[in-house]
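K.L.:
Taking UniProt numbering, the leading residue of the sequence shown gets 1, the next gets one more, and so forth.
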Amino acid sequence: TTAASMNVHCHIAPTFPIVNEIQWLGGLRSVRGYKDGEVGKASSWVKGSAEVCWPAKNPVAGFVFTDAVLGRSIPGDEKVPNLREETISGGSIGAGVRIGPLRAEIGLTDKLTHNFHVTF
1 TTAASMNVHC HIAPTFPIVN EIQWLGGLRS VRGYKDGEVG KASSWVKGSA EVCWPAKNPV
61 AGFVFTDAVL GRSIPGDEKV PNLREETISG GSIGAGVRIG PLRAEIGLTD KLTHNFHVTF
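#1: Is ILE12 closer than 8 angstroms to ALA42 when the C-beta atoms are compared?
#2: Measuring straight from C-alpha to C-alpha, what distance separates VAL80 and ILE93?
#3: Report, in whole angstroms, the separation of the C-beta atoms of LEU25 and GLY90, which I expect to be a contact under 8 angstroms.
#4: In the DSSP output, what is ARG103 paired with across the bridge?
#5: Within 10 angstroms of the Cβ of ASP67, are there 16 or more other Cβ atoms? Answer buried if so, exposed if not.
#6: In the DSSP output, what is SER92 paired with across the bridge?
#7: What residues match up with THR87 in a beta bridge as DSSP calls it?
#8: Can you look up ASN58 in the DSSP assignment and give me helix, strand or coil?
#9: So if DSSP puts SER49 in a beta bridge, which residue, or which two residues, is it bridged to?
#10: Using CA coordinates, which residue listed in CYS53, PHE120, THR113, VAL118 is at the minimum distance from GLU38?
#11: Among ASN115, PRO55, VAL46, which residue has its Cα nearest to the Cα of CYS10?
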């Protein structure tokens, strides 16, 4: 059977972010297709993903996905209060295959770059 999932996660930080509340956006755990941290660092963000998976022959399955993130960037040094903030964003679409615990996927970003991930 075909399965679909959708996830949305957000984090709202105080005006002056605490170092451990800063996240580097982009990469396998936020926007696939980007390299880790390539979208930028943010103190507040909302990120979402949708994925549709369909079985091929057990244990093989294929999937397609889309990811997006919108955040408030932190320019300069985190130790110095920021005089300006910028909005950062990134999005991607992609496809992959899962064979048991092994997962291979490729994502194409909104900047027309791509990245390939293999996880297990």
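Where a beta carbon is used, it is the ideal one built from N, C-alpha and C, also for glycine.
Model, not experiment: these values are computed from the prediction.
P.N.:
So, from the data block:
#1: Not a contact, by the Cβ cut-off of 8 angstroms.
#2: Residue placement at VAL80 cannot be trusted, given a pLDDT of 45 that sits under 50; what the coordinates show is reported in the next sentence. Across the structure, VAL80 and ILE93 are spaced so that their CA atoms are roughly 36 angstroms apart.
#3: Rounded to the nearest angstrom, the Cβ distance from LEU25 to GLY90 is 7 angstroms, consistent with a contact under 8 angstroms.
#4: Bridge partners of ARG103: ARG98, THR119.
#5: Looking at its Cβ environment, which holds 16 or more other Cβ atoms inside 10 Å, ASP67 is buried.
#6: Answer by DSSP bridge pairing, in chain order: ASP67, THR109.
#7: THR87 is bridged by DSSP to ARG72.
#8: In the structure shown, the three-state DSSP call for ASN58 is coil.
#9: Note: SER49 sits in a beta bridge opposite ASN7, ASP67.
#10: Ranking CYS53, PHE120, THR113, VAL118 by CA distance to the CA of GLU38 puts THR113 first.
#11: Here the closest residue by C-alpha is VAL46.
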